[in-house]
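To keep things clear, I will list the structure first and then write my remarks on it.
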Amino acid sequence: MADRARARRPGLRGDGRRARGAGARGPGRVAAGFPAVAADRVPGARAQRRGERRAVRRHPRRQRSVPVQARARGGGRRGQRRRRPGRGARAPGRADGRLRGHRARRAAPLRLRWQAAGPVPFNRPISPRLRLDGERTAIRPFAARDLDDLLALRQANRAFLEPYESTRDARFYTAEGQSRELRLDREAWTTGQGYGFAILDTTGEVDRLIGRIAVANVVLGSWRNATIGYWVDEGSGSRGHATEAVRLVLRFCFEELGLHRVQAAVMPHNERSLRVVGKCGLRQEGVALGYLEINGRWEDHVIFAMTLEEWRAQQS
Numbered sequence: 189m190a191d192r193a194r195a196r197r198p199g200l201r202g203d204g205r206r207a208r209g210a211g212a213r214g215p216g217r218v219a220a221g222f223p224a225v226a227a228d229r230v231p232g233a234r235a236q237r238r239g240e241r242r243a244v245r246r247h248p249r250r251q252r253s254v255p256v257q258a259r260a261r262g263g264g265r266r267g268q269r270r271r272r273p274g275r276g277a278r279a280p281g282r283a284d285g286r287l288r289g290h291r292a293r294r295a296a297p298l299r300l301r302w303q304a305a306g307p308v309p310f311n312r313p314i315s316p317r318l319r320l321d322g323e324r325t326a327i328r329p330f331a332a333r334d335l336d337d338l339l340a341l342r343q344a345n346r347a348f349l350e351p352y353e354s355t356r357d358a359r360f361y362t363a364e365g366q367s368r369e370l371r372l373d374r375e376a377w378t379t380g381q382g383y384g385f386a387i388l389d390t391t392g393e394v395d396r397l398i399g400r401i402a403v404a405n406v407v408l409g410s411w412r413n414a415t416i417g418y419w420v421d422e423g424s425g426s427r428g429h430a431t432e433a434v435r436l437v438l439r440f441c442f443e444e445l446g447l448h449r450v451q452a453a454v455m456p457h458n459e460r461s462l463r464v465v466g467k468c469g470l471r472q473e474g475v476a477l478g479y480l481e482i483n484g485r486w487e488d489h490v491i492f493a494m495t496l497e498e499w500r501a502q503q504s
């Protein structure tokens with residue numbers, strides 16, 4: 189009985205001597221409590237996956253070794269596609285199936301597209317090369333080549349635009365500051381939260397950058413609202429460019445984004461902008477007190493809006 193008890197102790201051979209390399213099972217180890225022969229060595233993970241002849245393991249109830257069967261075809265071999273998360277599979281990275289890290293960042297635009305594809309007829313990605321043309325004006329997304337022209341416009345119109353914009357520091361009017369603005373525009377396009385456009389004067393031989401118009405605070409789902417804001421070079425004003433740019437961006441909001449309502453907020457003493465929204469057919473809804481911080485002060489704004497039904501009636 190004593191000999192049998194010693195033989196059953198982990199790490200001992202049948203004759204009571206400690207087996208060489210006995211211990212926990214693993215690559216190159218010996219199954220504890222059994223004869224130290226090659227057939228009882230536990231193979232590595234790769235050998236087990238491939239089902240090689242040397243891939244053997246100890247049967248759980250017997251003292252002999254049985255070969256490890258090869259995995260089904262495509263079961264994780266090098267060079268083959270991994271199983272993607274889908275029905276019956278969880279997303280990688282989290283036990284609850286939610287994405288995180290770079291997978292979550294990549295999935296954000298797709299999630300927004302999926303949300304928009306349900307209640308609204310927008311189920312396709314918006315091309316960053318989109319361009320809308322009017323009679324004398326065109327709008328398109330900003331490109332890296334616009335940096336120098338945009339910087340020159342901002343510097344030339346600094347005093348003209350300061351009474352109507354939030355407080356800007358000196359770095360905003362540098363190449364670094366405008367490069368950051370272009371980068372933020374690209375990120376907003378990617379996530380679907382905003383769409384910034386360059387306003388172009390197309391009356392000359394070459395298109396000329398004269399301003400900016402943006403769709404911001406885009407919310408889809410049952411809300412489907414957004415706000416628009418714009419500015420035009422002081423020297424290019426009073427020529428209808430701002431009015432045509434607003435009409436083009438309204439078309440973009442209702443036809444491309446599938447929005448139901450678009451609003452614009454204008455300061456009561458900004459007569460030029462008041463004329464623009466009036467020509468475009470936006471309806472005045474009221475006055476929002478202390479609506480935005482402009483040049484260090486909270487200013488009241490007149491709220492103008494247009495719904496999809498009003499826009500369709502205007503087009504017909």
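For the sequence shown, the working numbering puts the final residue at 504, and the numbers step up evenly by one.
Heads up, the beta-carbon is just placed ideally off N, CA and C, and yes, glycines get one too.
Asked                                                                                                                        : Found
Length at least 3, wholly inside the segment 452–485: the beta strand (DSSP E) runs in chain order                           : 471–482
Where residue 442 falls: helix, strand or coil (DSSP)                                                                        : helix
Distance between beta carbons of residue 397 and residue 388, contact taken as under 8 Å                                     : 6 Å
Contact check, residue 494 vs residue 470, beta carbons under 9 Å                                                            : yes
Rounded separation between residue 478 and residue 463 - CA only                                                             : 22 Å
Sequence-distant residues of the same chain with beta carbon closer than 7 Å to residue 343, five excluded per side          : 361
Span of the alpha helix (DSSP H), counted from its first residue to its last, around residue 379                             : 363–379
Residues that residue 396 bridges to, as DSSP identifies them                                                                : 389
DSSP-derived helix/strand/coil call for residue 448                                                                          : coil
Distance, residue 441 Cα to residue 503 Cα                                                                                   : 14 Å
C-beta atoms of residue 453 and residue 417 nearer than 9 Å                                                                  : yes
Local Cβ density within 10 Å of residue 435, reported as buried at 16 or more and exposed below that                         : buried
C-alpha gap between residue 321 and residue 384, whole angstroms                                                             : 16 Å
Residues of its chain near residue 475, where Cβ-Cβ distance is below 8 Å and the 5 sequence neighbours each way are ignored : 456, 488, 489, 490, 491
Buried versus exposed call for residue 257 [16 or more other C-beta atoms within 10 Å across all chains shown]               : Unreliable positioning characterises residue 257 in this predicted model, as indicated by a pLDDT of 49, which lies under 50. The coordinate reading is nonetheless provided below. Exposed, by the Cβ-count rule.
Reduced DSSP secondary structure (H/G/I, E/B, other) of residue 342                                                          : helix
Neighbourhood of residue 496 by C-beta, 8 Å cutoff - its chain only, sequence neighbours within 5 removed                    : 442, 447, 448, 449
Residue 322, DSSP secondary structure in three states                                                                        : coil
Per-residue DSSP class, three states only, for residue 333                                                                   : helix
Residue 325 classed as buried or exposed, judged by whether at least 16 other C-beta atoms fall within 10 angstroms          : buried
Cβ-Cβ distance between residue 370 and residue 338 below 9 Å                                                                 : yes
Rounded straight-line distance, which links the Cα of residue 402 to that of residue 329                                     : 10 Å
Same chain, Cβ closer than 8 Å to residue 334, neighbours up to 5 away in sequence not counted                               : 370, 386, 397
Of the residues 486, 431, 379, the one placed nearest residue 352, counting alpha carbons only                               : 486
Status (buried if at least 16 other CB within 10 Å, exposed otherwise) for residue 461                                       : buried
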